[in-house]
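Undergrad:
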Amino acid sequence: MPRVQGGEANTRVFSVEEKHVTFVKVYERPHTREKHEYIMQDFRAGFGKVPPSRDNFLKWERKIFTTGCVKDAKRSGRSSTR
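According to our numbering, the sequence shown is numbered sequentially starting from 49.
This is the structure:
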């Protein structure tokens, strides 16, 4: 299960597939009138993980529209060896 930091799930542990599936549901939400709570329940049922927060759903949606991808940007600095 994802580590919880500050009350919400650590978003680095979510796969690109999980982010894309969630993005599609959030994007279609105005047409389906599905509540965020239901999207979170579907995420938990489908992937067996603690779902990200509503704010993270919306960040992923913004990110895919601005960059075309939900992958995290490369970070500078020393790589982890553990």
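For glycine and all other residues, C-beta sits at the position ideal for the given N, C-alpha and C. The structure displayed is predicted, hence computed values, not measured ones.
Whose C-alpha, out of Phe-91, Gly-125 and Val-61, is nearest the C-alpha of Arg-102?
TA: Of Phe-91, Gly-125 and Val-61, the residue nearest in Cα terms is Phe-91.
Undergrad: Run through DSSP, which three-state label would Glu-91 get?
TA: For clarity, residue 91 is Phe in the given sequence; the question names Glu instead. Residue state, collapsed to three classes: helix.
Undergrad: Please state whether DSSP places Met-49 in a helix, a strand or coil.
TA: Any answer about Met-49 is weak, because its pLDDT of 43 lies below 50 and its placement is not dependable; what the coordinates show is given next. In this structure, Met-49 counts as coil in the three-state DSSP scheme.
Undergrad: If we ignore side chains and look at the alpha-carbon of each, how far apart do Pro-99 and Met-88 end up?
TA: Roughly 6 angstroms separates the two Cα atoms.
Undergrad: In terms of residues, what are the limits of the alpha helix (DSSP H) holding Arg-81?
TA: No alpha helix (DSSP H) contains Arg-81, which DSSP labels as neither H nor E.
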